[in-house]
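The structure appears below as structure tokens.
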Amino acid sequence: MFEAIAFYLFAFLTIAMFYIAVTTSQALYALSSLAAGMIFISAFFFILGADFLGAIQIVVYSGAVMALYAFGMMFFDTTRDVKEKQGNKAIIIGLSVISAALVVLIVAAPIVGNNIEALYPITEGAGNTQEVGMVLFTKYLVPFEVAAVMLLVAMIAGIVLAGKKMDLSLTLMNEAEIMLMKEEDKKVLS
Amino acid sequence: MELFLYTALFSPLVGSLFAALFGASPKTKIAGVVPSIMLGVSLLSSTILLVLVLTTGHTIHVEMMTWMATGNLYIPFGFVVDQVSVTMMMVVTLVSTVVHVYAIGYMDHDKGFNRFFSYLSAFVFSMMILVMSDNFAGLFIGWEGVGLCSWLLIGFWYHKESASWAANEAFIMNRIADLGMLIGIFLIYWNTGTLQYDGAFAAMANLDASTLTWIGIFLFVGAMGKSAQFPLHTWLADAMEGPTPVSALIHAATMVTAGVYLVVRANELYALIPHIGLFIASLGAFVAIFAASMALVNRDIKRVIAYSTLSQLGYMFVAAGLGAYWVALFHLMAHAFFKALLFLGAGNVMHAMDSELDPFKMGGLGKKMKGTMIMMTLASVALAGIYPFAGFFSKDLILEVGFVEHHYIIYTVLLFTAGLTAFYSFRIVALIFHGEERYKLFGFHPHEAYKFMLVAMSPLLVLAIIAGSFKMTYFDMVTYVLPATEYHVHNHLVYWIMTIGTQLFVILSIFYAYKKYTSRDVKVPDGTSAMENSFKYKLLINQYYIPYFYEEYLVKPYRELSEIFWTKIDQKIVDATVDGIANVFYQTGEKTRVMQSGNLSTMLKWMVAGTVALLSLAVVFGLAARHSGEIKIFLSGLGV
Amino acid sequence: MEIGLNHYLVLSTILFAIGLVGVMRRKNLLMLFFATEILLNAVNISFAAISHYYGDLTGQMFVFFVIAIAASEVAVGLGLLIVWHKKHNNIDLDNMSTMRG
Amino acid sequence: MLDHILSILIFFPALAAMLGFVVHKDSMRAYGTAVATIEFALSLWLWFVFDANVSGMQFMEQIALVPTFGINYIVGVDGISLFIIILAAFFTMIGIASLGETKDVKNMIITLLFLQMTMVGVFAALDAMVFYLFWELSLVPMLYIIGAWGGPLRIYASVKFFLYTFAGSLVMLVGMLFMAYFYYQATGEWSFAILDWYRLILPESFQIWLFVAFFFGFAIKVPMFPFHTWLPYAHGQAPTIGSVILAAILLKMGTYAFIRFSLPLFPDASVYFMYPIAILAIIMIIYTAMVAYAQKDIKQVVAYSSVSHMGVIILGTFALNVEGISGSIFLMIAHGVVSGALFLLVGVIYDRRHTKYMSEFGGLASVMPRYATIFGLMLMASVGLPLTINFVGEFLSLLGFYKQSHILTLLAGTAIIVGAIYMLAAYKKMFFGVVTKEENKNLPDVNKRELIALIPLAIITVWLGIYPKPVLGPINTSVESVVGLMHEKAITKEAKSRIPSIGKDIKISRNSVEEAH
Amino acid sequence: MLSAVNVSIESLNLMTLVPMLIPIVGALLIIVIELIKSSQDKSLYVMLSLLILGIDFAFLLESAGIFEKNGTVMGVFDVMLIDGLAILSQFIIVGASMLFIPLALTHKRFHEFSYPEFFALFLFMISGFQFMVATDNLILVFVGLETASLALYTLIAMHNRDKSFEAAVKYFTMGALAAGFFSFGSMIFYALTGSVEINQIAEVLSANGYADIGFVLIGVTFLLASFGFKLSMVPFHTWTPDVYEGSSAALAGYMSIVPKIAAFIVAMRFFEFLIHSGVVWLEVILYIGVVVTMTMANVWALVQTDVKRMLAYSSISHAGFVMAAILIGTTQSNSALFLYWILFSFTNLGSFSMLWISRQKNLPAHQQSDHSYDKFAGMVKTSPVAASIMALFMLSLAGLPPFALFWGKMYMISSAITGGYTVLALIMALNSAIAGYYYLKLIVYMFMKEPVVENNGHVYVANATLPLKTIIGIAAIGTIFAFVAVNGLLELITAFVYNSGY
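Chains as they are written, first to last, in my numbering: chain A, 335 to 524; chain B, 1049 to 1688; chain C, 7 to 107; chain D, 175 to 691; chain E, 980 to 1481.
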């Protein structure tokens, strides 16, 4: 019973939050409600016994990602009212309603595959984090490492893209200008 | 003997090529003399062959080389000199020699002198191939060859629009007939397996009647074109645009008789299908009177003679159609002589009158041109068939054939035509040589032709007079190969009544013509007289409106249809379809490229839309999955 | 009233649809990125739920990696936005249609 | 050397073209002429060593290309292809020799040499893929020639030419792949070798579909009505040399392919489609002849006349007997010579006046008598006068088809009438009458360079018209074996009766798709 | 309590990781070098990358040898899957990358090559793609995909001009949406089968006889949408032309080959079993998708005025063409896919490289884009060799024998015929004809038009350096003499594909 109440409560909250996040014209509202929605989602994780994920969700999303976005908002100065020209709303609403309806229609039907054997069963008695760690560092070792590479890539990408070096474009300058710049650069260095 | 055969055949070619060497250079006498000599050589060889055939009765058959050989088809260049072909050879070489010599004078002042002789000799060569070939394919070579030379010669004065038009008309009309001929040849090949005369005719005896009938019809269609039989006759009168020697040689003596020759050559075939023969005869009779009627009023000497030729060809076809092949051939020969003479005479007149052709503008020329007058008069007499001239023996014989074969209608028609023939011949003679000297009104200064031209014509004159006397010799000779049927009216009384009656009728016609056209009342018609406005006259002078009909209902529609085919169908439908298909793609691209608006939001919407579309399909299919059995059947029915 | 897997799936789908709405209607790129986060998060709920109901950890693994991916995307996405913003002083995607056709 | 003579014939021009990039452009004409002459000499040598009594392929060569998939470089020559190869070499030679003043003469000659490689390759190929390769490759040089040296609409014309043919041949490619698949099913091996395919007996329904697929490729190339509309544009816009080669050789690829592929591979389908195709051919003959009559541009007249004549060739091919097929092959050569010559002649006047409208001329016979004479000769050849080269072909083609249908042959025979109509009308417009235009009064007659090209053609026109045996003999030998093969392979009664049996013994090992299953 | 895990190192088959690790190590090496001594010339990095890729290629050869001997190898807890498909596609990925990387050595300076990070990211990207193809675990696929994609977005943006940012943002945003779709699709399959490994999914689904066909279809739909995005199937293709136009020509050429082959492999692994199990819907959808993609892309390419955009659409069309292989799903068709793609790599990289060497810094006067058709008008007059090579690539793309792509096309159409898809074969053939038009258009401009833009011909080789010319030469030789290699390739590919069970 508790589970049901919690589910419906958080379901309502997440839906509401995310709805606000995609409809409001205030960027700040959107960001806040997004962050709230993320936190509410972590609640589901806790309900579902995925404590580790719940923690990660809060830390990564509500912490890191939201911080990044907040920084971005400040940078872009989008705290003000954001004006968005809307084209044909009917298309948007139509498409999303249809897709939602269709998926819900099918998903609401019970899944038959209930007799599925768990490949990596949740072991009784062990904590969620432990279990996750176990699987993560055996079976999912390679993806984990690749994910590390991915984060590295993202980091390099972020640094490069946001870096000052991008301000001047060698692509657009002609050769003479580049040479000149190099000369000046050397002077500065020496 | 083969040597003579080849000499007879190829010396005109040598002459032609020789003249062709000078084709582009200014006039040189030699370009006329050498071909004439070569023709003389050819004539000589032909004569030797004639003598040989006459005396020994042997025929010569040679095969020079293979022409086409594929599958079962085998066509050689083979030549045969038998009684029939040697007759034709004689006629051809003789008349052409005369014409060549004559033309040296006639074409004296023409820029295209050299070219002319080249063409003329080439024509003779083609004609020789036509008559000497031993198979239908070879015949066809000659057949088309003479067509080509005729085209060249009719259009000889190509700067004249009418001449080139007439040349093309002649060629195309002949082509129509040639198609018939070609089909006939195909039929012969596929039914007999060969195109050699001897083989093919031997095999024909075993063929069923309908096949033979078709063969007969198609071959005759070919003959109709070349011999200008109705309805393919219009080209002949227009062909008079060519130089007069050409008319004499091609359009009187030789080429136009090729049709008759073909029928005679194929006598074994036509003997098997008498109903076609009767048709040929009937058509011949019709053409005889039809052409004669047009000759009555025409105001162009050459055209009158051309119609006369047409009419006489009709006679020949009557004879050939009725099975009297030797008679046809005999008339062909006789006709060649006097008709060529007539034409050459007309040529002299034209020469004298600066190419004026309207006899009403002449009159009284006899004083200036005695020689010509005599020759033309005699030729006309021969044409009219007065005893003892050649025409009497050959033409009256045809009347007899008609009578003996009990085709009285044909007989009557021919008899009447004989009268008309006499009338129009002497109408011309009278208008040209007698009566008032109307030419003075028009400022002409007529003069007689060169002597040598007259001399050159004289052999023809002689033959026109005496050819009839060879009748029996000739009969003996050709009946080696042709059915030897004597046509005699057995009842002497009837015979005499007929002969004398005919003679009288003809003479009366002559006198009437003479009387009517030597009178002082003859004026240059100016379109005002009652006669000129009568329907009959208009009908005749307009050639029964047949050329008009052809122009309006065949030529014009053809031209217009061509135009429609090109502009409407080819461009607007066929090509436009192709371009249209290409355009559909291009336009689709142009219309739908807005999908790529460059706006990210639109792109995302497209992506979602695509997913939603797939989802809808998935749901439809998912729902339908319950009926999957039926659906599979349906889809496999679609072939997916 | 037992909360079954289907409840979570429906919820997840609804959230996903909301994310789609956001993706389609947002013109401000930053806020568009919010919507893509919603998409991923919506799926995460399902994964966790399935994992829970099957008693299988794979779903949780997937969620883990999705979170990592989302975080990386944010970094790169923001980097791109910053460059764009530096040059154009806006992040409105309607201004971003020099290439078309 | 003899073992590789075909490969040498194919690749020598291409190699020479490569080397030609180095040659200075002033000497290019001489270089091109020399190369083409050598090539022509080689082709004559091929004729000399060719054994006319052998009906099969000679000088076969085989090199594995993609053996896994059954694609091999196989070339060979028989009586059917021999003369077209010679003709191709010949026309390239006189084409280059008589090339008028053009821009970028170097590019032109290099392109022509490449074109020659593809032409020879098409006719020598005995592997369907190699055939297809050269077939498609031949489009490129032609595209360039039309597109770069053509008239005002050249780009439209060249692209249309390329795409139209390309589309058709892709359908043909599908057909070939199908054929190979059937062969694979029957034997368990992939093969694109035509001689292997000959041994395959297909059920009639398969034959019909494959025939249709091949037909698209061939019919567009020929071009058959209603796929012919690219041709007038291509001809109308192409430079003289382009038109000459297009008309003389490239069009023949289609008709040649009919004989090489469609007939022996699908005898039953050939019989099945005989009448429809004959009707198309007749439409081609009459309709295009009438369209030709309506033209104002002399080159278009000749172009449409090509289509008309190709109709006769098609008709002869689908006579399905030795006479007809031999005739159609001969007519291919004949038409090549004559239409090539006609295009050269049109080029002569175009070089002088830069117009092709007949109304611009008139009375040329007196200004340019030699020109008029040669034109007249070619015109007469074109209308099929006996003792010219065309007549032999037309006569045999029509004769052959007469066996199949009387009435259709009668209709087709109108070719000799309608052909005469447009040709004579055109000749009259150009050459007869009086010279009215001032520009025409002093036109120079044909010069030596042009005569180099025209005289040999005139000689061939007459020579082969009088004595076709040297060419007709080898053709006949090979055609007999083709017809024999068809008769042997035919399944349906109808086909057996339509295709005559040849007395000679022809052995084919029967591989049928059904047997394999 | 959890029990300790005992794994022997041998059973992990760490060898399977080596080809992916090499680029990663290489990338790290580059970063380290940059740390130690910055502002090195780009040629150092280019050659370093080339060497690393060369080593990688050598190891791939090694794995190929192992595959020939032992067949498919699973490694590292069965996450890695080294089968013929993986090896072949890695060959393409690494090979194409080796052809790409020297293109950085342009005559003119472009922004991205001034970064050592460019090369590091490039190598990371390669390893990402390698992971993507060498596994059947959707998680690893996803992570590999994102690694590669994120690097790629950055590489595009690093070209540093407006269009490239725009391109990167568009690509990125749509990529994010596609990632959402991917995870949603995976979720559905996970819900259905409790697994994210394709083998397992296939087993479970066939075990219960596709009882939940509705769910399967939903899952397929979302996965199709995400692969459709990667493979630029219509209507998920909209990014392609813009991104190609925005990025440098060299990278565009690269993008038309490498990311797609990776996506193809995953699609092949995933859809093949579905099609074989008779999911008719998928067959129908793929059929429609293939036909629409081929045709519409061709149709849009017809109307382009910029050569690069035209090539973009053309590569969409080619991708649609190749997608047919997955629809047909026979060994022959799958082999055809590889054959086609290898030959396509040469040709397409060649043609984009030709654009690359003619790249100018500033737009020519009166022109809207870098490579408008007008720019190439009359090219044969000023630089005939370049024009001929470009024409060669165009003809090859159009499928003219004997040039490279013809063999691929031919084999592909043949596989359609063999697989019973006759109508599809015809549509493919006719699409090649439509495509002929726009390839021809460029040839027409180059060879038959008079120059519109004033230039002295230098513009066509503005960027040319020896390395670039070498690459183009290799591509040209590969294109011309493909027929020599086709047999060997075909044997190899067929053996690999067949032994991998496809």
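Here a beta-carbon is modelled for each residue, glycine too, at the ideal position from N, C-alpha and C.
Starting from the C-beta of D:SER686, find all residues in its chain whose C-beta is less than 6 Å away, skip the five residues before and the five after it, and write them out in chain order.
What you label residue 686 of chain D is simply residue 512 of the fourth sequence in a count that begins at 1. With a pLDDT of only 48 at D:SER686, under the threshold of 50, the placement of this residue in the model should not be trusted; the figure read from the coordinates follows. Here the set comprises ILE375.
8 Å Cβ cut-off: residues of chain H touching B:SER1645:
Looking for chain H here will not work: the only protein chains present are A, B, C, D and E.
At what residues does the alpha helix (DSSP H) containing D:ALA299 begin and finish?
Along the fourth sequence, read from residue 1 onward, the residue named residue 299 of chain D stands at position 125. D:ALA299 -> no alpha helix (DSSP H), and no H or E assigned at all.
Name the two residues that bound the continuous beta strand (DSSP E) containing E:ILE1061.
As a working mapping, residue 1061 of chain E is identified with position 82 in the fifth sequence. Annotation: the continuous beta strand (DSSP E) that includes E:ILE1061 extends over 1059-1061.
Please compile the residues from chain A whose C-beta is within a distance smaller than 8 Å of the C-beta of E:LYS1087.
The residue labelled residue 1087 of chain E in the question sits at position 108 within the fifth sequence. Those are GLU509, listed as they occur along chain A.
What residue ranges within the stretch 1270-1295 of chain B form continuous alpha helix (DSSP H) runs of no fewer than 4 residues, ordered along the chain?
Fully contained in the stretch 1270-1295 of chain B are the following alpha helix (DSSP H) runs of length 4 or more, in chain order: 1282-1286.
Under 8 Å: do the stretch 387-397 of chain D and the stretch 424-437 of chain D share three or more Cβ pairs, one atom per stretch?
These segments touch.
Please report whether the beta-carbon of B:LEU1648 lies at a distance below 8 Å from any beta-carbon of chain A.
For the purposes of this step, residue 1648 of chain B is identified with residue 600 of the second sequence, where counting begins at 1. Residue contact with chain A for B:LEU1648: absent (no Cβ-Cβ distance below 8 Å to any residue of chain A).
Closer than 9 Å at the beta carbon, the chain B residues around D:PRO543
Taking the fourth sequence and counting its residues from 1, one reaches residue 543 of chain D at position 369. GLY1071, ALA1072 and ARG1163, listed in chain order.
Backbone CA spacing between D:ASP225 and D:ALA262 [nearest angstrom]
Locating residue 225 of chain D in the fourth sequence gives position 51, counting from the first residue. Locating residue 262 of chain D in the fourth sequence gives position 88, counting from the first residue. It is roughly 20 Å from the alpha-carbon of D:ASP225 to the alpha-carbon of D:ALA262.
Local conformation of E:ALA1229 per DSSP, three classes:
As a first step, residue 1229 of chain E must be located in the fifth sequence, where it is residue number 250. Note: E:ALA1229 maps to helix in three-state DSSP.
Anything in chain E within Cβ reach of D:PRO241, meaning under 8 Å, just list it in chain order.
Numbered from its first residue, the fourth sequence carries residue 241 of chain D at position 67. Contact note: D:PRO241 reaches chain E through ASN1466, using a C-beta cutoff of 8 Å and chain order.
Among E:PRO1220, E:VAL1431, E:SER1128 and E:SER1294, which one has its Cα closest to the Cα of E:PHE1103?
Position 124 of the fifth sequence, counted from the start, is the residue given in the question as residue 1103 of chain E. By alpha-carbon distance to E:PHE1103, the top candidate from E:PRO1220, E:VAL1431, E:SER1128 and E:SER1294 is E:SER1128.
Rounded to a whole number of angstroms, what is the C-alpha to C-alpha distance between E:MET994 and E:GLY1054?
The sequence position of residue 994 of chain E within the fifth sequence is 15, counting from 1. The sequence position of residue 1054 of chain E within the fifth sequence is 75, counting from 1. If you take the alpha carbons of E:MET994 and E:GLY1054, they lie about 8 Å apart.
Are C:TYR14 and C:SER52 touching if we call contact CB-CB under 8 Å?
One-based indexing of the third sequence puts residue 14 of chain C at position 8. One-based indexing of the third sequence puts residue 52 of chain C at position 46. For C:TYR14 and C:SER52, yes; Cβs fall inside 8 Å.
Please tell me whether B:PHE1266 has its Cβ less than 8 Å away from any Cβ of chain E.
Taking the first residue of the second sequence as 1, we reach residue 1266 of chain B at position 218. With a threshold of 8 Å between beta carbons, B:PHE1266 makes no contact with chain E.
What is the rounded straight-line gap between the Cα of C:GLY65 and the Cα of E:SER1174?
Locating residue 65 of chain C in the third sequence gives position 59, where the first residue counts as 1. Locating residue 1174 of chain E in the fifth sequence gives position 195, where the first residue counts as 1. Between the C-alpha atoms of C:GLY65 and E:SER1174 there is a straight-line separation of about 8 Å.
C-alpha distance - D:ALA690 paired with E:GLY1415, whole-angstrom precision:
On the fourth sequence, position 516 is the one that residue 690 of chain D refers to. On the fifth sequence, position 436 is the one that residue 1415 of chain E refers to. A caution first: D:ALA690 carries a pLDDT of 42, below 50, which makes its placement in the model too unreliable to give a value.
Under the assumption that B:LYS1443 contacts B:ALA1470 (Cβ atoms under 8 Å), give the Cβ distance between them as a whole number of angstroms.
Your numbering for residue 1443 of chain B matches position 395 in the second sequence. Your numbering for residue 1470 of chain B matches position 422 in the second sequence. Not a contact, Cβ separation roughly 11 Å.
Is the stretch 1395-1406 of chain B in contact with the stretch 1443-1458 of chain B, if contact means three or more CB pairs nearer than 8 Å?
By the Cβ criterion, the stretch 1395-1406 of chain B is not in contact with the stretch 1443-1458 of chain B, since fewer than three pairs of Cβ atoms, one from each stretch, lie closer than 8 Å.
Quick one: what's got a C-beta closer than 8 Å to D:ASN650's C-beta in the same chain, skipping five residues either side?
Within the fourth sequence, numbered from 1, the residue matching residue 650 of chain D stands at position 476. Cβ within range, chain order: GLY253, VAL496 and SER500.
Please list the residues of the stretch 1215-1227 of chain B that have a C-beta atom closer than 7 Å to any C-beta atom in chain D, keeping them in chain order.
For the stretch 1215-1227 of chain B, the beta-carbon criterion of a distance under 7 Å to any beta-carbon of chain D is satisfied by ASN1216, PHE1219, ILE1220, ARG1223, ILE1224, ASP1226 and LEU1227.
May I ask which residues mark the beginning and end of the alpha helix (DSSP H) holding E:PHE1460?
Within the fifth sequence, numbered from 1, the residue matching residue 1460 of chain E stands at position 481. Looking at the DSSP string, E:PHE1460 is not in any alpha helix (DSSP H), and its letter there is neither H nor E.
Neighbouring residues, chain D, relative to B:ASP1444 (Cβ below 8 Å):
What you label residue 1444 of chain B is simply residue 396 of the second sequence in a count that begins at 1. For B:ASP1444, none of the residues of chain D pass the 8 Å Cβ criterion, the least Cβ distance being about 39 Å.
Integer-rounded CB distance, given that B:VAL1147 should sit under 8 Å from B:PRO1293
Mapped onto the second sequence, residue 1293 of chain B falls at position 245. Mapped onto the second sequence, residue 1147 of chain B falls at position 99. For B:PRO1293 against B:VAL1147, the beta-carbon gap comes to about 5 Å, under 8 Å, which counts as contact.
Would you list the one or two residues that DSSP bridges to B:ASP1444?
Working through the second sequence from its first residue, we reach residue 1444 of chain B at position 396. Note: B:ASP1444 sits in no beta bridge, so no partner.
By the 10 Å Cβ neighbour count, where 16 or more other Cβ atoms means buried, how is B:GLY1270 classified, buried or exposed?
The residue you call residue 1270 of chain B lines up with position 222 of the second sequence. Buried, by the Cβ-count rule.
For B:ASP1623 and E:GLN1346, I'd like the C-alpha separation in whole angstroms.
As a first step, residue 1623 of chain B must be located in the second sequence, where it is residue number 575. As a first step, residue 1346 of chain E must be located in the fifth sequence, where it is residue number 367. Between B:ASP1623 and E:GLN1346, the C-alpha separation is close to 35 Å.
Excluding sequence positions up to five away, which residues of its chain have a Cβ less than 7 Å from the Cβ of D:ALA238?
Numbered from its first residue, the fourth sequence carries residue 238 of chain D at position 64. Closer than 7 Å at Cβ, skipping near neighbours: ASN246.
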